[in-house]
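Participant:
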Amino acid sequence: MNIGFLGAGKMAEAILAGLLKSGGKINAAACEQLPERREFLRAKYGIDVSPDADALRGADVVVLAVKPQDLAAALAPIARWVSSRHLVVSIAAGWTLARLEAALPPARVVRVMPNLPVLAGEGMSAFTLGTRATREDAETARRIFSCSGIAEELPETLFDGVTALSGSGPAFFAYALRAYARAAEARGMPAETASRLVLQTLVGTAAYLRQTGQSPEDFMRAVASPKGTTEAGLNALGAAGAESVLARAIDAAWDRSAELGRA
């Protein structure tokens with residue numbers, strides 16, 4: 039695969055690292071404006087890195103990995119040479135397929151919403167195809183992002199929800215982790231111990247649910263003995279309206295994503 043990255047920040051690096059670890063034959067190049075970042079990528083990965091977007095001309099796949107607010111300006115140089123032979127993969131939040139295809143008329147476009155855990159190889163990436171993209175392009179996108187977690191094809195109409203659940207969701211989980219740890223600290227548990235217990239509990243719960251396929255409802259019933267500690271805690275969450283609070287967080291993120299898409 040000949041792949042080029044327009045922008046070479048942490049997300050682009052995570053995608054590149056995942057591809058290299060997969061063992062496939064990868065020929066990579068990147069366009070990056072920061073000199074220190076260029077030197078870092080050359081030294082660590084041995085790839086060609088240039089401040090000039092024309093360095094990506096030879097790529098079959100071009101990944102748009104600059105910040106969404108900078109993408110319009112960054113697209114101008116590649117719009118001069120991009121053609122129908124190029125698959126353009128965008129990870130820019132808020133940029134719809136229609137907007138991307140209008141900016142790069144000949145290209146085949148795939149839009150992807152990855153999340154921060156891609157950096158740990160445990161990402162959740164949703165992708166959707168533009169009007170000129172092919173089923174082969176879908177498999178290429180799946181291959182690229184499966185190297186850093188799970189990749190799933192979804193209709194673009196669900197992307198505001200993807201943003202809320204898997205894009206913003208990690209921060210909501212971290213918020214809950216912090217709350218649990220602080221509650222334990224308030225009862226006298228050392229902060230480092232509380233954080234370690236809570237984090238491993240989350241990791242273990244996620245791993246168990248993934249491996250068994252058990253529903254959250256069945257899992258809660260299995261953990262909660264009648265009149266036991268878990269039941270007491272779950273009753274407290276219900277009385278406080280915790281589910282409604284979490285739903286409001288998802289709704290707020292979902293609505294904001296829709297607003298950004300219309301901007």
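Going left to right, the sequence shown walks through residues 39 to 301 as our numbering numbers them.
Idealized CB from N, CA, C, for every residue including glycine.
The structure presented is a predicted model; accordingly, all values stated were derived computationally and were not measured.
Extract the residue ranges of the alpha helix (DSSP H) inside the stretch 62 to 117, only unbroken runs of 4 or more that lie entirely within it.
Facilitator: Correct list: 73 to 83 and 106 to 117.
Participant: Check whether the stretch 288 to 300 touches the stretch 130 to 149, counting contact only when three or more Cβ pairs, one atom from each stretch, lie closer than 8 Å.
Facilitator: Taking 8 Å as the limit for Cβ pairs, the verdict is that the stretch 130 to 149 does touch the stretch 288 to 300.
Participant: Classify Arg149 as helix, strand or coil using the three-state DSSP reduction.
Facilitator: The answer is strand: DSSP assigns Arg149 an E or B state.
Participant: Ignore the nearest five residues each way along the sequence and tell me which others in Glu160's own chain have a CB closer than 7 Å to its CB.
Facilitator: Gly187.
Participant: Please confirm whether Val156 and Ile53 have their CB atoms less than 8 Å apart.
Facilitator: Yes; because the gap between Cβ atoms is below 8 Å, this pair is in contact.
Participant: Exposed or buried, which one is Phe211 when buried takes at least 16 other CB atoms within 10 Å?
Facilitator: Exposed: under 16 other Cβ atoms inside 10 Å.
Participant: Where DSSP assigns a beta bridge to Ile188, which residues make up the other side?
Facilitator: Looking at the DSSP assignment, Ile188 forms a beta bridge with Met162.
Participant: Assuming the contact rule is C-beta atoms closer than 8 Å, Phe43 and Val101 should be a hit. Round their C-beta distance to whole Å, please.
Facilitator: The Cβ separation is near 5 Å, so the contact holds.
Participant: Report the residue from Ser263, Ala270, Ala232 and Ser206 whose alpha carbon sits nearest the alpha carbon of Arg286.
Facilitator: Checked all of Ser263, Ala270, Ala232 and Ser206; the closest Cα to Arg286 is Ser206.
Participant: Within the stretch 173 to 243, note down every full beta strand (DSSP E) run reaching 3 residues or more, in order along the chain.
Facilitator: DSSP runs (the beta strand (DSSP E)) wholly in the stretch 173 to 243: 187 to 191.
Participant: Between Val99 and Ile85, what straight-line distance do the alpha-carbon atoms span, to the nearest angstrom?
Facilitator: Spanning the two alpha carbons is a distance of roughly 15 Å.
Participant: Compute the beta-carbon to beta-carbon distance between Thr195 and Met151, rounded to the nearest angstrom, for a pair I have assumed lies under 8 Å.
Facilitator: Actually they are not in contact, since the Cβ atoms of Thr195 and Met151 sit about 13 Å apart, beyond 8 Å.
Participant: Taking the straight line between their C-alpha atoms, what separation do you get for Ala117 and Asp293?
Facilitator: Roughly 31 Å between the two C-alpha positions.
Participant: For the alpha helix (DSSP H) that contains Leu275, what are its first and last residues?
Facilitator: Taken as a continuous stretch (DSSP letters only), the alpha helix (DSSP H) holding Leu275 covers Thr267 to Ala277.
Participant: Could you spell out where the alpha helix (DSSP H) holding Ile288 opens and where it closes?
Facilitator: Note, Ile288: alpha helix (DSSP H), Ala280 to Arg300.
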